[in-house]
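Engineer:
Chains as they are written, first to last, in the working numbering: chain A, 475 to 918; chain B, 30 to 356.
Structure follows, in C-alpha cells:
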C-alpha cells in the first residue's frame, strides 16, 4: 500500500525527492525547542474548536429578550450575540466544552508564544541569518493578542463591553488622529452602530486567522531554509547540524506533543471553568463591575493604564495627548519597538555581522541576558500592577500605596536587575572558565 | 551482435521473473535494532485505552440527562488524547530506532545566482532610455491608485466629523429616570448611596446618557467658578456623567464617608483603572489616571419634586481625544 501511494504521488507530483529529503530533515533536540510547537498545536485546537463555535454564534447586536435554560437571566434584554453564546453554553451539546477549550487554548497559545520569544531572545536564536523568522514571529504575537481580544469582545457580555470601551478610549487617545480613528473603526461614537459587531466577527474568524496561518507557514518555511539552531557540542558546530531525523525519530515525539497539548486543553475545557459569561450579564454602557480583569495576556496593558498618574498633555485648549495613550498605546509600542529593534541593535553594538547557527546559553552573553532581564522586569512590574485591585480585595492591602509601590518598581527595578544579572553572570562565566591561578598566591 | 542482444534480453527476462530474495541487499538507511517487544506491548495497550476513552466520549454525548455532561465529555476526550500522546511518546522512546544524523548547514549565500539576477534585470531594461521619467510616472500612478483604493475606507465611519463625539441627549427640562423609566425625585436621593439616571424617553446605550447622582453635604460643596450651588446642586444633590473621562467605563463605585471625622471625603470611583473623582468639587480628579474632571449636569427641581436637567453637561462626555477641550 505504501509503495503504491508513494508511486502515485511521485508520478503525479514528482514528490519523491522532496519527500525523501523531508523524512530525513534533521531536528536538533532540546526541551526549549518544544515551546514553539506547543503554540503551533494550540493554534490547531483553536481553529478546530473555533469552526465549531462559528456554527452557533450570531454576530448580531440587535436586542432580544432572553427566555432560556439559565433561569437568573430570564426576561433580561440582551443582544442576540450574547444570547447565542449563552445558548451555546447551555443548550448545544458539547457547546460549553468547545467554548471553554477554545478560551483555554487561546490563553495557552499566547503563553507558549511568549515563552518561545524568551527562549529565542535569551539564546540569541534571532541572530543572522534568522532575523526574518524572528520578525515574523513577533508579528504573529501581535496578531495573536489582537485575535484574543476580539474573541472575548465578540460575546457582548459585561466584561467584553468594558474591554471594548477601553479599546475605544485608547484609539481615541492617539495624538492628532485619535477621535477620527475611533469613529472610523467603530462606525460612530461608542458603542457604535450594530454594524460594528460584524466588523469584529469577520476580523476574528477570517482576516486574523488567515493572517496568522499564512505567517505560520512562512515562519516554518524560513526555519527550514536555514535549518534549526542548536546548542554547541562535540559534533555540533557552526557548520553541521546534528539531531534526530524527522522520520522515524522525531515524528512520534512531535505527534505525542500534539496529542498532549490537545489533551491538556480539552481536560481544562471540560473540568476547569473559564469566563462564565452568564454570570457577568449583558453589556450596558451604564454598568461596570469591580475587580474586573482581562485575560492574562492583556494584564500588562491594564497595568500600564492603571499606573499612569492622571494628566493629559495640553497646549492651551488643544489636547495633545489624552492620558489613555501612555499605558494603552505608547507602552505596547515601546515593548514591541524594543523587540523589533533588538536584532539590529545587538548587531550594531557588538559589531557582530557573522552567521550564527550555534546558540548562546544565557550566561554566555551576560550583557544581552541582563538587558533582556531588565526589559522583562519592566514589563512584569507593569503586569503585576494591573492586579493591584485583586490584591486589595483578597489581602486588604490598600490600592493607592500599591500603585505608588509599582510606580517606583517600574523605574528602579529594571536598572537594579540589569546590574545584578550582569555582575552575577560575569562571575559565573569566570568560575566556569576554570580555576585561574591566583596571581597573588605566591606572595602570601 | 544480434545473438548477443538476444541472450541479454533472455537473461534480463529471467532476472525479472526471479523472486526478490536473490536481489543484492541495499545498504540500510535506518540502523538495525533488536525487536522492541515491551515497547510494542505498551503501545498496543495505550491504543486500546485511547479507543475505549474515545468510545466513552461518544457514549456520554449520546446519553442525555447525564449530570455534568461537559465535565465527562472533557474528561473522556482529554483521556483519549492523553493515551494517544503516551502511545506516541512510547513509540518515540522505545520502539522507533534511535539514531543521530547530521548534515551541513545550508550555504551562507549564492553569489553567482545573485549576480545573474542583477544581470537579468539590467539586460531586460536596456531598451529604456528615460528611466528617471518612467520611475516618476510609475510611482505617481502607483501612489495615486493606492490612495484611490484606500479612500473608500472613509465609508466605515464619520471620521471627518469628530463633533459626533460631543453628542449628548441632555437638554434643559429633560427628566431624570432610573433604568426602568421611573422618574427620580429629589427626596428619593439618599446620602451615601449612588443612583444611576437616564434621560427620559431616550436611549440608555450611548455614552452621553447615563448619570451618577449622589447627595453630599451642601456645606462641603466647593464647585468651580461659574457653577452656583442652586443651579448645579439643589439640596446637595449632584449629577455627573457616569462615563469615566479616562477610558470610557461606567463610574459605578461610590466611596461614601462612613465616619466623617476620619474617613476620606466622598469619591466616585471607576472600577476599570480606579480613576477617582470628587463629587464635592465638581468632579475633579482625586487619584488615578483620568486627565479631566467628570462632566457635571446642572439640575432643577420641578413642582412635583422631580429632578430635571437645567441644561447640558459642563464639558464633553466620555474618553478624551485631541479636540476634547475646544469649546
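Beta carbons are placed, not taken as given, at the ideal position from N, Cα and C, and that holds for glycine. All values reported here derive from a predicted model rather than from experimental measurement.
Look up residue 267/B in the DSSP assignment and give the residues it is bridged to.
Structural biologist: As a working note, residue 267/B is residue 238 in the second chain. Beta-bridge pairing links residue 267/B to 243/B.
Engineer: Taking the alpha-carbon positions, what's the residue 278/B to residue 530/A distance?
Structural biologist: Working through the second chain from its first residue, we reach residue 278/B at position 249. Working through the first chain from its first residue, we reach residue 530/A at position 56. Roughly 29 Å separates the two Cα atoms.
Engineer: Quick one, which of 82/B, 107/B, 60/B has its alpha-carbon nearest residue 737/A's?
Structural biologist: As a position in the first chain, residue 737/A is number 263, starting the count at 1. Here the closest residue by C-alpha is 107/B.
Engineer: Evaluate residue 827/A with the Cβ neighbour count: other Cβ atoms within 10 Å of its Cβ, from every protein chain shown; 16 or more gives buried, anything less gives exposed.
Structural biologist: The residue labelled residue 827/A in the question sits at position 353 within the first chain. Classification of residue 827/A: exposed, given that the 10 Å Cβ count is below 16.
Engineer: Assuming residue 347/B and residue 664/A are in contact, meaning their beta carbons sit under 8 Å apart, how far apart are those beta carbons, in whole angstroms?
Structural biologist: On the second chain, position 318 is the one that residue 347/B refers to. On the first chain, position 190 is the one that residue 664/A refers to. Contact flag correct, Cβ pair sits at about 7 Å.
Engineer: So what does DSSP say about residue 225/B, is it helix, strand or coil?
Structural biologist: Mapped onto the second chain, residue 225/B falls at position 196. Here residue 225/B sits in strand by DSSP.
Engineer: Starting from the C-beta of residue 698/A, find all residues in its chain whose C-beta is less than 8 Å away, skip the five residues before and the five after it, and write them out in chain order.
Structural biologist: If you number the first chain from 1, residue 698/A lands on position 224. Correct list, in chain order: 499.
Engineer: Residues of chain A with a CB under 8 Å from the CB of residue 134/B: which are they?
Structural biologist: As a first step, residue 134/B must be located in the second chain, where it is residue number 105. 700, 701, 712, 713, 714, 715, 831, listed in chain order.
Engineer: Contact between the region 755-771 of chain A and the region 622-631 of chain A: three or more CB pairs below 8 Å?
Structural biologist: Touching, yes.
Engineer: Between residue 500/A and chain B, is there a C-beta pair that is closer than 8 Å?
Structural biologist: Here the question's residue 500/A lines up with position 26 in the first chain. At least one chain B Cβ lies under 8 Å of residue 500/A.
Engineer: Cβ of residue 834/A less than 8 Å from any chain B Cβ?
Structural biologist: The residue labelled residue 834/A in the question sits at position 360 within the first chain. It does not: the Cβ of residue 834/A has no partner Cβ on chain B nearer than 8 Å.
Engineer: Checking contacts by CB at 8 Å: is residue 557/A closer than that to chain B?
Structural biologist: For the purposes of this step, residue 557/A is taken as the residue at position 83 of the first chain. Not one chain B Cβ lies under 8 Å of residue 557/A.
Engineer: At the level of alpha carbons, what is the spacing between residue 656/A and residue 141/B?
Structural biologist: By one-based count along the first chain, residue 656/A stands at place 182. By one-based count along the second chain, residue 141/B stands at place 112. Between residue 656/A and residue 141/B, the C-alpha separation is close to 51 Å.
Engineer: Counting only the same chain and skipping the five closest in sequence on each side, list residues whose C-beta sits under 8 Å from that of residue 232/B.
Structural biologist: By 1-based counting over the second chain, the position of residue 232/B is 203. Taken in chain order, the residues that qualify are 198, 238.
Engineer: Could you check the C-alpha separation between residue 916/A and residue 851/A for me, to the nearest Å?
Structural biologist: Stepping through the first chain from its first residue, residue 916/A is reached at position 442. Stepping through the first chain from its first residue, residue 851/A is reached at position 377. Confidence at residue 916/A is low in this model, with a pLDDT of 47, below 50, so its placement is unreliable and the value that follows should be read with caution. Their Cα atoms are separated by approximately 44 Å.
Engineer: Would you tell me roughly how many angstroms separate the C-alpha atoms of residue 564/A and residue 220/B, rounded to the nearest one?
Structural biologist: Translated into the one-based positions of the first chain, residue 564/A becomes position 90. Translated into the one-based positions of the second chain, residue 220/B becomes position 191. In a straight line, the C-alpha of residue 564/A is about 42 Å away from that of residue 220/B.
Engineer: Quick one, which residues of the region 567-584 of chain A are near chain B if we go by CB-CB under 8 Å, in chain order?
Structural biologist: Listed by position along the chain: 567, 568, 570, 571, 574, 575.
Engineer: What is the DSSP secondary structure of residue 64/B, reduced to helix, strand or coil?
Structural biologist: The sequence position of residue 64/B within the second chain is 35, counting from 1. Three-state DSSP puts residue 64/B in coil, outside helix and strand.
Engineer: Among all the DSSP beta bridges, which residues are the ones paired with residue 717/A?
Structural biologist: Here the question's residue 717/A lines up with position 243 in the first chain. DSSP output for residue 717/A lists 130/B as bridge partner(s).
Engineer: Given a cut-off of 8 Å, decide if residue 271/B and residue 241/B are closer than it, judged by their beta-carbon atoms.
Structural biologist: In the second chain, counting from the first residue as 1, residue 241/B sits at position 212. In the second chain, counting from the first residue as 1, residue 271/B sits at position 242. In this structure, residue 271/B lies closer than 8 Å to residue 241/B by Cβ.
Engineer: Here's the rule I'm using: 16 or more other beta-carbon atoms within 10 Å means buried, otherwise exposed. How should residue 792/A be labelled?
Structural biologist: Counting from 1 along the first chain, the entry for residue 792/A is found at position 318. Exposed is the call here.
Engineer: For residue 164/B and residue 184/B, I'd like the C-alpha separation in whole angstroms.
Structural biologist: Taking the second chain and counting its residues from 1, the one referred to as residue 164/B is at position 135. Taking the second chain and counting its residues from 1, the one referred to as residue 184/B is at position 155. When rounded, the distance between both Cα atoms is 32 Å.
Engineer: For residue 71/B, which of 89/B, 57/B, 119/B, 32/B has the nearest alpha-carbon?
Structural biologist: In the second chain, the residue the question calls residue 71/B occupies position 42. Measuring from the Cα of residue 71/B, the nearest candidate turns out to be 119/B.
Engineer: Apply the 10 Å Cβ neighbour rule to residue 175/B and answer buried if 16 or more other Cβ atoms are within range, or exposed otherwise.
Structural biologist: Against the second chain, residue 175/B aligns to sequence position 146. Under this definition residue 175/B is an exposed residue.
Engineer: Just to confirm, is the Cβ distance from residue 509/A to residue 610/A under 8 Å?
Structural biologist: Residue numbering aside, residue 509/A sits at position 35 when the first chain is read from its first letter. Residue numbering aside, residue 610/A sits at position 136 when the first chain is read from its first letter. For residue 509/A and residue 610/A, no; Cβs fall outside 8 Å.
Engineer: Does the count of Cβ pairs from the region 761-777 of chain A and the region 550-568 of chain A closer than 8 Å reach three?
Structural biologist: No, the region 761-777 of chain A is not in contact with the region 550-568 of chain A.
Engineer: In chain order, what residues of the same chain have a beta carbon less than 7 Å from the beta carbon of residue 596/A, not counting five sequence neighbours either side?
Structural biologist: Here residue 596/A refers to the residue found at position 122 when the first chain is read from its first residue. The residues are 836, 843, 846.
Engineer: Residue 234/B versus chain A: which residues are under 7 Å apart at the beta carbon?
Structural biologist: In the second chain, residue 234/B corresponds to position 205, counting from 1. Those are 665, 758, 759, listed as they occur along chain A.
Engineer: Listed from N- to C-terminal order along the chain, which residues in the region 96-123 of chain B have their beta-carbon within a distance smaller than 7 Å of any beta-carbon of chain A?
Structural biologist: Flagged, chain order: 99, 100, 102, 103, 104, 106, 107, 110, 111, 113, 114, 117, 118, 120, 121.
Engineer: Between residue 63/B and chain A, is the shortest Cβ-Cβ distance under 8 Å, so that the two count as touching?
Structural biologist: For the purposes of this step, residue 63/B is taken as the residue at position 34 of the second chain. It does not; no Cβ of chain A falls within 8 Å.
Engineer: For residue 329/B, which of helix, strand or coil comes out of DSSP?
Structural biologist: Here residue 329/B refers to the residue found at position 300 when the second chain is read from its first residue. Reduced to three states, the DSSP call for residue 329/B is strand.
Engineer: Taking only the alpha-carbon atoms, compute the straight-line gap between residue 123/B and residue 117/B and give it to the nearest angstrom.
Structural biologist: Looking up residue 123/B in the second chain gives position 94. Looking up residue 117/B in the second chain gives position 88. Approximately 10 Å, taken between the alpha carbons.
Engineer: How long is the line joining the alpha carbons of residue 553/A and residue 617/A, rounded to whole angstroms?
Structural biologist: As a position in the first chain, residue 553/A is number 79, starting the count at 1. As a position in the first chain, residue 617/A is number 143, starting the count at 1. Looking at the two C-alpha atoms, the distance is approximately 27 Å.
Engineer: Is it a yes or a no for the region 586-595 of chain A touching the region 543-551 of chain A, going by three-plus beta-carbon pairs under 8 Å?
Structural biologist: Taking 8 Å as the limit for Cβ pairs, the verdict is that the region 543-551 of chain A does not touch the region 586-595 of chain A.
Engineer: Determine the closest residue to residue 728/A out of 904/A, 504/A, 640/A, with distance taken between C-alpha atoms.
Structural biologist: Residue 728/A sits at position 254 when you count from the first residue of the first chain. When each option's Cα is compared against that of residue 728/A, the closest is 504/A.
Engineer: Kindly indicate if chain B contains any beta-carbon less than 8 Å away from that of residue 879/A.
Structural biologist: If you number the first chain from 1, residue 879/A lands on position 405. Chain B, which has no Cβ nearer than 8 Å to the Cβ of residue 879/A, makes this no.
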